[in-house]
Amino acid sequence: MTTRIEVLASPEDGRAKTLEKTLKRQGKTAQVRVVDVYTSQHPAAANDGFESSLANPVTQTIVPLSSRQKPGSSDEKEKDSGVRRKDDYGLNFDWALEIGFLPGVTDNVGHTAEELLSLTRHSGAGRNPSKDQAEWIPEQVRDDKSAVYSSKLYLIKGDLERSDIEALSQSLANTLIQRTTIKSAADFKTDGGMETIVPKVALRAQDIECAKKIDLNNLSDDELMEISQKGIRDTAGFYRGPLGLPLVYMKAIQEHYNDKTITDIELETIAQTWSEHCKHTIFASPIDNVSEGLYKGYIKRATKEIRELKGENDICVSVFSDNAGGIIFDENYLITDKVETHNSPSALDPFGGAITGIVGVNRDCIGFGQGAKPVINRYGFCLADPRTSPEYYRDKNCTIPVLSPETIMKGVIDGVEAGGNQSGIPTPQGFVTFDDRFVGKPLVFVGTIGLIPREINGKPGHVKKANPGDKIVVAGGRVGRDGIHGATFSSVALDEGSPATAVQIGDPITQKKMSDAIIKEIRGYGWYSAITDNGAGGMSSSIGEMAESSGGFHVELDKVPLKYPGMAPWEIWISESQERMTMAVPEENVEKLIAHFAKRGVEATVVGTYTDTGRAHITWHGETIMDMEMDFLHDGNPETPLKTTFTRGGEAEPDVNEPADHTQTLLDLLGRLNICSKEFISTQYDHNVQGSAVMGPLQGPGRVYAETSITRPLLSSNKGVVLSQGLFPRYSDIDTAAMAAAGLDLAVRNAVAAGVDLNQLALLDNFCWCSSDEPERLGQLKRAVETIYDMAVKYETPFISGKDSMFNDFKGFDADGQPVKISAPPTLLVSSIGVIPDVERSIDLAPKAVGDLVYLLGATKDECGASEYYDHLGHLGNNVPETDSHQNLRLYRLYGRAARDRLIASAYALNYGGLGMALAKKAIAAQMGMDIDLSSLCHCHSDRSDSEVEESFQPSNGKDPSTAQQSCSARDDTLRTDKLLYSESTGRILVTIAPQDKAAFEKNFKGYEHCTMIGHIAYGNKLNIKNILEVELNKLDEVYKRTLEDY
Amino acid sequence: MTAKVLVLAGYGLNCEEETLHGFEHAGLSGQIRHINDLIDSPKELDEIQILAIPGGFSYGDDTGAGNAYAQKLKLALWEPLQKFIARDTLTIGICNGCQILTNLGLNPPTGTPYGDRKIAVTYNETARYQCRWIDLKITSTSPWLNGIERMHIPVAHGEGRFMMSDETLKTLQDNGQIAAQYIKPDDTPANGEFPYNPNGSLNDIAAITDETGRILTIMPHPERGMFTSQRDDYMQIKDTARREGKPLPETTGGMALFHNAAQYFEVAQKKTA
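Just so you know, the sequences run in chain order A and B. Read left to right, the first sequence gives residues 6 to 1052 (our numbering). Read left to right, the second sequence gives residues 4 to 276 (our numbering).
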């Protein structure tokens, strides 16, 4: 018996209204009604108690079933047919569109309905549910029959064609994970309503191939690569999906197994463990003359050298060895940080990719040391222009289009929203960067900051170790087929063979229950000796990694709880089903640990034992299906030395005319995607949950979308966590060294500008490269890595964590079926995290008062190469900003002193669009006018004395600062106005100060030649740049906010 | 003896720590309780004076925000809850807690028994989660809101739109049960205008009380606007204070609710003493 319950929402329903508006924007007028549909095969689903638990009587009505029963049904409660007539809805409609999930896809609404079903059926017949605790735990009673499946039905009235409904369906559903049904009113009538669909996973147990044996001997190189690229072949002839291993690895496995066969699960495990995604082979391999490889030779070495140099003042506690990096917050706590990418899954299912990304990196935090509490989320998206519709396909016949940039943008934004908001973690920190080469493979960055006591139960909070004899306990969600081959799949370029099973949807509430139980309770009880998360590679990675410290493991794979029966052992082992943590638990604690999880509605199961046998051993119903040396598994991958070449890119500097209308140019740039407001994202992301917000994502009364945030993670302390980041993907078109340097400098400069001391700052590196099997791309990589080594050491800002994603290439076909390869520009994201001793010292970007003085700190050079300005004009140019870390360091130290003395009223670190955009954003943020005079910035003044500066302006009384007029046109190195405004030279900060702080401020910068007063905050509502442009504030405001306001 | 607070947790509620912090800062003592633990020992409700259901995302907002958690409370704890609210106690539901209490029917229009759902808190008109600062006009004699006329605190919700029949609205109005309404910064009514009214709520309603005023259901978050450093205009405030050489107050608007709760029981205690 199947029950289909339909809950009709009122016509005022916000979801319906929003759809109507969307249609209206496309020129269609329609009325939409939303029906929430629940389908279940459980007999109790037909009870009124369940039905009424699903509907709010004020705004929703249960759509009654027509009296017409399914032929042959005698049961009065039979609702099997789900037959409904149009009349049953009490309204008129022309179209019905239903969207539900495909079998096996995580259905969170369905799960909650299932819990309601469990609640209502156990509370019936006079039973007191409170006495019946065990029955309350849905995981304990969940089986195939108790499942509830959700779907949404849209009833639409209006003059619309089927094609309109199909277009609507496409915008609402992703056919990779969802099914859609469209019916006209006539069909609806004929069919007696929508079909009742039960999307149950049906895997037949007899199809399980348990530990298929593979003989690698005598296979040719081509045959080995066929296995690597297509996967192991089932008896039925199907390929299981790529292993993604290079030939040298395949040959090493072949050699190791030359005298015996290898099982499918053994080969899959090696593929997971040796994958680029997990092993980071490109960063680990010898490269040119650097035998240690890029990671040890540069990134890790930088941190080591900085820590030695800083000695007692070292802020690092745990670097590169755990799921996140940890630095000192105060005498009692550490803060941790980790930034991940989830690019490949997000290209196929943007929502699913992003939500699993954010809840996944939350688990990295929960899996740091003995478990850190997630306190802040970060996000970052590199996307193609959402206003364009480029036509690319995954297949030659042009039947599988790539998702549109708009669909990807909306999906990834929604995914982080759902994951972050539902987990109760504030998401104040992020960015969006646009470049059309992100069309096939967007970059989706997600990060989580954690807070953890430095000491837990008398032991250092960041230390953990699985001991031989500890039981392997897995807690959280169940295992399904989702996410199979995620690790190997993200290590290869995206093409038509990319597996749909790699896609998954997160379930933040299951994770929240698990996270609360661990961080807020069990951690304090000291019941586990080690914990880590299940991410890429699932249990094969988490158990494998933890077993490195004990020296081996034994797993009984048949003990793992499954979402549905019928999975093969190798699938269970590498499945990336979400919301699971793996723990090492001393035997005496196992029972109470599992019982406590159960009380919190979380399922936990013993699946094996950590050993010291040196073996990775797995059984399936008692039979050994994997038995490997731990040494071979973790260190058996042969070295693959890499060779690089490098050629600088770029064109000749273009011969551009100075803009005839400077106002228009300023406005054009202000509206560009990389510069305009992304407020619509910030307001969707809960950025003040936990009560910890200090400096948010929208700054000043004019709400400017900011690059830096400050959070107070402990309500009992005034200490703050400062977060920021920097990246300039387009600079790679000229020189990846400049790209990397500018990114690192901005990450540091943003944080410094906000008031953090340089010596309290740490960095994270995320490399998103492309075609990393080509010497030229590797040359670009090596150059970028060398550069950030130099800069980090110079700034004494250690790297504490990092990640790389090396193949961000889309391989597909254009509209004519011609093969195309679109590579994302080589991108380094540098994220910064620092501690500010008192949040009262924090500095935002919004000017505070009329009469305040405006200073530009740092040198402006002729550096428009790869800038927003040149890109706007259709040029790339050659003069990409070069970063002078020596000069910058001098400024940051001086600035730090001024910030400590609270001499800075507002600060903005210049970035995309240079000084012009910084001025505009400051005016918008403050909703105040500005009088600016750039003449003093000309290079001819670089040798002036400080007294001259002081004499040259008297602006605080409201007079025009015109006394600064000096001739600068005579000098060759004078910058033209457009260059001065839009050059993206790094190392610059635009500040405002109170007039009464002028003397102290200038004394602070005495002897520093690039501290120049350029104007003041003015009465009135105009940004006035003397002799260049004058523009109304509301015009600036409108242009800044208009570009993305409809999203 | 000071009054004891119990803040509920579990199944995706997530503001329990900062909510308890607010009460503690106001001098009250209390504890966070997982709903399953309270179901195990419902007698705890007899020993406390203040019950708070904090914000969060219980059950992921699935089947309607607050609905599933309310169903669970109703099935497992209805009688102890009835006993609790019948005593001279205070109850507050903030954001998700507001949605839960509303789904439980604990803020019914005067004349309707507790438990009857006459009010819904449903999808924002924009059908989009909104996290932003808003202004509230307070017109209520609820002990929670004693002495407060205006508040500047944030909202953060996807389903914060109060909806009800005209009749219910009138009853609420006639009996002073509309506790807070969204206004514009210039103190004029928001009149449904976004973003001042962030969710399209009927009559700009942001909070409702039961007829005693002791149960407050409020969508905005006082606990996120109780310290000056939490405010969206903190940077401006601290800059002004520094220029004027004035000290920066530690607390702000939202803290008044927690102080009022403490005050309520202090006064009651004095009366009995």
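Backbone N, C-alpha and C fix where the C-beta goes; we use that ideal spot for every residue, glycine too.
Inset, instruction - Enumerate in chain order the residues of its own chain whose CB-to-CB distance from glutamine 5/A is below 6 Å, with the five nearest sequence positions on each side excluded. - result: Residue 5/A is absent from the model: chain A starts at 6 and stops at 1052.
*So what's arginine 895/A in DSSP terms, helix, strand or just coil?*
helix
**Report entry** For glutamate 103/A: DSSP bridge partner residues
**Finding:** Leu158/A, Thr186/A
Asparagine 462/A, buried or exposed, once every other Cβ within 10 Å from all chains shown has been counted against 16:
exposed
Would the beta-carbon of valine 757/A fall within 8 Å of that of glycine 879/A? no
* With a cut-off of 8 Å, does the C-beta of glycine 67/B fall near any C-beta of chain A? -> yes
task: Compare the C-beta of glutamine 239/B with all C-beta atoms of chain A and state if any pair is closer than 8 Å.
output: yes
Q) What is the rounded straight-line gap between the Cα of methionine 544/A and the Cα of valine 560/A? A) 10 Å
Any beta carbon from chain B within less than 8 Å of methionine 519/A's own beta carbon? no
*Could you pull the start and end residues of the beta strand (DSSP E) that methionine 700/A belongs to?*
698-700
Using the Cβ count rule (16 or more neighbours within 10 Å means buried), how would you classify cysteine 1024/A? Rather than cysteine, the amino acid found at residue 1024/A in this sequence is tyrosine. Tyrosine 1024/A should be labelled exposed.
Legend entry - DSSP three-state assignment for tyrosine 199/B, whether helix, strand or coil: coil
*Compare the C-beta of methionine 167/B with all C-beta atoms of chain A and state if any pair is closer than 8 Å.*
yes
Subject >> heavy atom of the ligand FAD below 7 Å from alanine 423/A C-beta >> reply: The ligand FAD is not among the ligands present in this structure, which contains no ligands whatsoever.
Requested in this report: Give, in chain order, every residue of the segment 168-187 of chain A whose Cβ lies closer than 9 Å to some Cβ of chain B.
Outcome: none
Note to self: Considering Cα atoms alone, identify which of Gly236/A, Gly109/A, Arg483/A is closest to isoleucine 219/A.
What the structure shows: Gly236/A
Output needed in chain order: residues of the segment 103-128 of chain B with a Cβ under 8 Å from some Cβ in chain A. Asn106, Arg120, Lys121, Ile122, Ala123, Thr125, Tyr126, Asn127, Glu128
**Asked** According to the neighbour-count rule (16 or more other Cβ atoms, all chains shown, within 10 Å of its Cβ), is glycine 445/A buried or exposed?
**Response** buried
>> Using beta carbons (cut-off 8 Å, strictly below), is lysine 75/B in contact with chain A?
In response: yes
- Spatial neighbours of valine 407/A within its chain, please: CB distance less than 6 Å, with the 5 preceding and 5 following residues excluded, ordered by chain position. Tyr397, Gly445
Below-8 Å beta-carbon distance, valine 37/A vs any chain B residue: no
(Q) Quick test of your reading: cysteine 370/A and glycine 455/A, contact by CB under 8 Å. State the CB separation rounded to the nearest angstrom. (A) 4 Å
Notebook entry, point to check: Cβ atoms of alanine 264/B and leucine 139/B: under 8 Å apart, would you say?
Noted result: no
Practice task
Output the distance between the C-alpha atoms of leucine 219/B and leucine 160/A, rounded to the nearest integer angstrom.
Solution key: 37 Å
- Item | serine 974/A burial status per 10 Å Cβ neighbour count (16 or more: buried) | The pLDDT assigned to serine 974/A is 38, lower than 50, so where the model puts this residue is not dependable, and the model offers no usable value.
Just checking: is the beta-carbon of glycine 195/B within a distance shorter than 8 Å of some beta-carbon in chain A?
no
> When the Cα atoms are used, what is the spatial distance from threonine 979/A to asparagine 893/A?
Replying inline: 21 Å
inquiry  = Tell me the rounded alpha-carbon separation between glutamate 310/A and leucine 766/A.
reply    = 15 Å
* Quick one: does tyrosine 185/B have its CB under 8 Å from some CB of chain A? -> no
Can you find a CB in chain B that lies within less than 8 Å of the CB of threonine 997/A? no
Checklist entry - In whole angstroms, what separates the C-alpha of leucine 13/A from that of glutamate 336/A? => result 56 Å
How close, in whole Å, do the beta carbons of threonine 361/A and glutamine 509/A come, if the pair is a contact with beta carbons under 8 Å?
5 Å
Exercise for review: Identify whether valine 1036/A lies in helix, strand or coil by the three-state DSSP scheme.
Suggested key: strand
- In whole angstroms, what separates the C-alpha of lysine 926/A from that of arginine 735/A? 22 Å
| field | Spatial neighbours of glycine 15/B in its chain, beta-carbon cut-off 7 Å, leaving aside the 5 residues before and after | value | Gly59, Phe60, Ser61, Tyr62, Gly63
**Message:** Between arginine 153/B and chain A, is any beta-carbon pair separated by less than 8 Å?
**Reply:** no
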